[in-house]
Amino acid sequence: MADKAEQGPSQQPSNGDAQKKQSARKANRPSEAEIEAKRKERAEKKEREAKEKERQEKLGINGIGKDGKIPFAVREWSKVKDVAQDRIQGRQRVRILSWNILAQGLVRRKLFPNSDCLKWKDRQAGLTSEMISHNWDLGAFQEVDRIDVHGPNLQQSGRNYVYAKGYNDKQHGLMIAWRTKEQNADSDAAIFEQEPVASKLVFFDRESVDTDSDAQKDGKRLALSRVTRNIALFVALRFKDQSRKGPKGIIISTTHLFWHPMHAYERVRQMGIMKRRLVTWRKENGQEWADWPLFLSGDFNDQPHSATYRLVTGKPITQHCLDEIVKSTVVHQSVDELKEKVDNDDLAKVSGQEIIANGNAAQQDASGPGNEEEEDEEEEPNEEEEGEDDQILKNCRTAKREDALLTIDEFVQLHDLSQPPPKSEPPSLNGNKDKSTDWINHTVNLGLQSAYGDHYGNLEVDQKDNYFSSSDRNRERHDDADWTPEMANPHLKLQSFEPMYTLYSPLFSLTLDYIFLYPDQNTQNAPIVSGLLPTHKTDVLRPGIPRKYACASDHMPIGAEMMI
1 MADKAEQGPS
11 QQPSNGDAQK
21 KQSARKANRP
31 SEAEIEAKRK
41 ERAEKKEREA
51 KEKERQEKLG
61 INGIGKDGKI
71 PFAVREWSKV
81 KDVAQDRIQG
91 RQRVRILSWN
101 ILAQGLVRRK
111 LFPNSDCLKW
121 KDRQAGLTSE
131 MISHNWDLGA
141 FQEVDRIDVH
151 GPNLQQSGRN
161 YVYAKGYNDK
171 QHGLMIAWRT
181 KEQNADSDAA
191 IFEQEPVASK
201 LVFFDRESVD
211 TDSDAQKDGK
221 RLALSRVTRN
231 IALFVALRFK
241 DQSRKGPKGI
251 IISTTHLFWH
261 PMHAYERVRQ
271 MGIMKRRLVT
281 WRKENGQEWA
291 DWPLFLSGDF
301 NDQPHSATYR
311 LVTGKPITQH
321 CLDEIVKSTV
331 VHQSVDELKE
341 KVDNDDLAKV
351 SGQEIIANGN
361 AAQQDASGPG
371 NEEEEDEEEE
381 PNEEEEGEDD
391 QILKNCRTAK
401 REDALLTIDE
411 FVQLHDLSQP
421 PPKSEPPSLN
431 GNKDKSTDWI
441 NHTVNLGLQS
451 AYGDHYGNLE
461 VDQKDNYFSS
471 SDRNRERHDD
481 ADWTPEMANP
491 HLKLQSFEPM
501 YTLYSPLFSL
511 TLDYIFLYPD
521 QNTQNAPIVS
531 GLLPTHKTDV
541 LRPGIPRKYA
551 CASDHMPIGA
561 EMMI
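The opening position of the sequence shown corresponds to residue 1 in the UniProt record's numbering, with each subsequent residue numbered one higher.
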C-alpha cells in the first residue's frame, strides 16, 4: 500500500481536455446533409450495379476479367424489320452463333504484328468469356484447340458440346455446342436435350461427287484436286420440350473450308458435297427428322463474290467465278501421293478417323496439355501455311481426264439440289473452257439462304455503312502496294448485304464466315430469320484483331436469330 501511496494521485483528464475532445468529435461528425448525400451515393451505386448486371444478362455477357472489365467489345442483337407477328406466333426462338476462335497452335507473331493478345494468358479471358456470351442457343466453332479449357467452360454455362478433329495429328478441330438449361432469366431461350440424337463427320478428301451417300458405299469419283484434310461436322438435336408444336428437333452443321485463296476449285467441291450430305443424312434417319430444319455455318474461306458463295446461294454466276474455277482446275502433288498410298494399301496413313468427343465423355484435346509455360506463338511451319505464297499455285500439274475433275457444268449440277449428282464417268475437261461463258448470269436452283446476305440490310439498327458492298470498305490485303485510299470498293456493284468484314487482322480484312438456311418446300413452316448480331464497325476493329477488349480472335462471332 505504501508503494501505491508514494505514486501520488492518478492522472485524470481535466474537464477542459474532455470538452476539447468532445468538440473535435462533433466537428468531425458528418452533417445530416452529408449523411444523406452518402446514402444517396450508395443507393445510386447499387442501382448502377443492378442495371449493369441486368444489361449484361440481357446481352448474355458472362465472365468479367480480373480487372473488372468486360474482355471483349459488346454487341447487341438487332431485330429484322417487318417480320409479321402472326408468322412467328407460337414458334421457338433459336439463336445460332458461328465463330472461328483462332487455334492457339496457329498463332504466329508475323501474322498479327503489334497484337497484344497472342499468348494464351492474354487471350484466354476474352475467348472464354465471349464464347459463352451473346445469349446463343446453338454454337458452331472452328479452329478449336485447348478443349480442356473450352469444354468445361461451356458446361458450366449450361451447355453441352460435340468436338471433332477427324485426324489424330491435327492441331485443332470443329465444335458444335447447345444449351441444355437456362443460363439466365431469358425465358425465350431454346433448350435442347442433354445428349445429341446423332452426330456425323464428313471427310472431304474421301467423299465422292457422284453419289449422295457416303463415298465408301457407292461413290467412284472423288474429283479431288488437292488433299486438304478438311472435315465437316453434323449434329442432330431434340428440343427438351417435346410438347411444342412444329419440328421436334434441329440439324446444324459446321465446317472450315480449305484456306488457300488460289484453290477455289477445291472449296467449291467441298461445299457442294457438304450441301448434299446434310440433306441425305436427314433423309436416311427417317420420318422423325423429316421436318427438322437444316443449318450450315462456319468459316468458308471465300467472299461473297466467289464461285463458292454464289453457287451455294444460287446467285448469278459471274466471269470472276468462272475464271477462278478454271485457273484452279489443276491437280496438286498431294493427290498423286494419296493415290500411291491407296495403291499400296496404306490407307491408315491417309484416312480420317471417326473422332467425335461428346462433352460428357473423356476429353480429347487437339493440342495436348494447356500449359501456359509452353511456347504460345509457334514459329515452325504448320498445316495451314506450308510456307506457301497464297497468290501462287505451287506443286500442281495440269489435270488429265483420268483425274476426273469436275467441269463447270458439273459444279452447277453438284450444287443444284433439285438435280441428281454428277455422273461417275467424267466428261471432257474442255467443259471448263469451251462452254464456260454459257454459265454467266446462270443461277442454281434451290440455293441456300444466307442469314446476313438476305436480312442484314433490313435491321432495325441500320447497318448501311457496314456491308460488303459499302463504299467505305477498305483494302482487303494490307500488302497491296497498288491500293490507295481514293480507290473505290471493287464490290460496289455486287450489292451484297453480307457484313463488311468477319475477319480483320493487321494483314487481311475479309468476309469469310456465314450462316446458311436450307430451303423448305413448305414455305409456311420454313425458319424465319428474326434477328442478327451486327458485326463490329471498322473503328472498333482497327488496327486489327486479336486485341484485348475488342476480340481475342482474328474473326469475330456472327449470329442469327431464327423462329422455328
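Note that CB positions come from ideal geometry on N, CA and C, so glycine has one too.
Every value quoted in this text rests on a predicted model; they were computed, and no experiment measured them.
Pairwise C-alpha distance: residue j and residue i
i    : j    : result
L494 : I317 : 12 Å
Y163 : P543 : 32 Å
L127 : P546 : 10 Å
V540 : Y549 : 10 Å
H415 : G151 : 35 Å
F192 : R29  : 59 Å
D409 : R109 : 43 Å
Y456 : C321 : 24 Å
S306 : G559 : 22 Å
D462 : K81  : 10 Å
L532 : E36  : 46 Å
N301 : L512 : 5 Å
L278 : F234 : 7 Å
D454 : K46  : 43 Å
L111 : K121 : 19 Å
S469 : L492 : 5 Å
Q104 : K119 : 8 Å
W439 : T308 : 14 Å
Top-ranked residue by Cα proximity to residue i, from the options
i    : options                : result
W292 : K110, R238, D212       : R238
E337 : S297, K315, N395       : N395
K69  : S129, I147, A526, W99  : S129
I515 : S297, P422, T502       : S297
E460 : P71, V74, E41, S78     : S78
K327 : Y265, G453, D480       : Y265
Y504 : P557, T484, E36        : P557
F411 : D480, D389, G272       : G272
R91  : K40, G249, D148        : G249
W289 : A488, I252, V107, I392 : I252
G536 : N466, V529, N525, P527 : Residue identity differs from the one stated: residue 536 is His in this sequence, not Gly. Measuring from the Cα of H536, the nearest candidate turns out to be N466.
G314 : I147, L510, Q449, R42  : Q449
For residue i, the first and last residue of its enclosing alpha helix (DSSP H)
i           : result
G298        : Run containing G298: none in the alpha helix (DSSP H); it sits in the beta strand (DSSP E), 294-299.
K275        : 264-284
residue 565 : Not covered by the structure: residue 565. The range shown for the chain is 1 to 564.
Y452        : 451-455
Y309        : 307-313
C321        : 319-327
H415        : 408-415
L541        : 538-541
D86         : 85-88
Chain-order list of residues whose beta-carbon lies under 7 Å from that of residue i (same chain, five-residue window excluded)
i    : result
I356 : V162, A164, S199, L201
P247 : D291, W292, P293, I564
T398 : V330
S418 : N445, L446
T403 : One point to set straight first is that residue 403 is Asp, not Thr, in the sequence displayed. The answer, listed in chain order, is V331.
K423 : D210
P196 : V162, V235, A236, L237
Close beta carbons around residue i, own chain, < 8 Å, minus the five adjacent residues each side
i    : result
N230 : F204, D205, T255, H256, L257, F258, Q270
P421 : V209, D210, T211, D212, R276, Q413, L414
F72  : G126, S129, E130, S133, Y549, A550, C551, A552
T180 : G158, R159, N160, I191, F192, E193, Q194, K240
E384 : With a pLDDT of 48 at E384, under the threshold of 50, the predicted position of this residue should be treated as unreliable, though the coordinate-derived value follows. Only L106, W259 meet the Cβ criterion.
Endpoints, the beta strand (DSSP E) within which residue i is located
i    : result
I558 : 558-563
G151 : Element bounds for G151: not the beta strand (DSSP E) but the alpha helix (DSSP H), 147-156.
Q242 : Note, Q242: premise wrong, no beta strand (DSSP E); not H, not E.
R29  : Taken as a continuous stretch (DSSP letters only), R29 belongs to no beta strand (DSSP E), as it is neither H nor E.
A198 : 198-203
H256 : 249-256
E143 : 138-144
A236 : 231-238
T535 : Where T535 is concerned, there is no enclosing beta strand (DSSP E), given that its DSSP letter is neither H nor E.
Y163 : 159-164
G447 : Segment: none, G447 is in no beta strand (DSSP E) and carries neither H nor E.
L174 : 173-179
Contact set for residue i: own chain, Cβ-Cβ below 6 Å, skip 5 residues either direction
i    : result
A552 : C117, R123, G126, L127, P546
V94  : D137, A190, M562, I564
N100 : Q142, E143, D299, H555
A177 : G139, L154, R159, Y161
W483 : R475
Neighbour flag for residue i against chain C, beta carbons, 8 Å
i    : result
H536 : Looking for chain C here will not work: only one protein chain is present.
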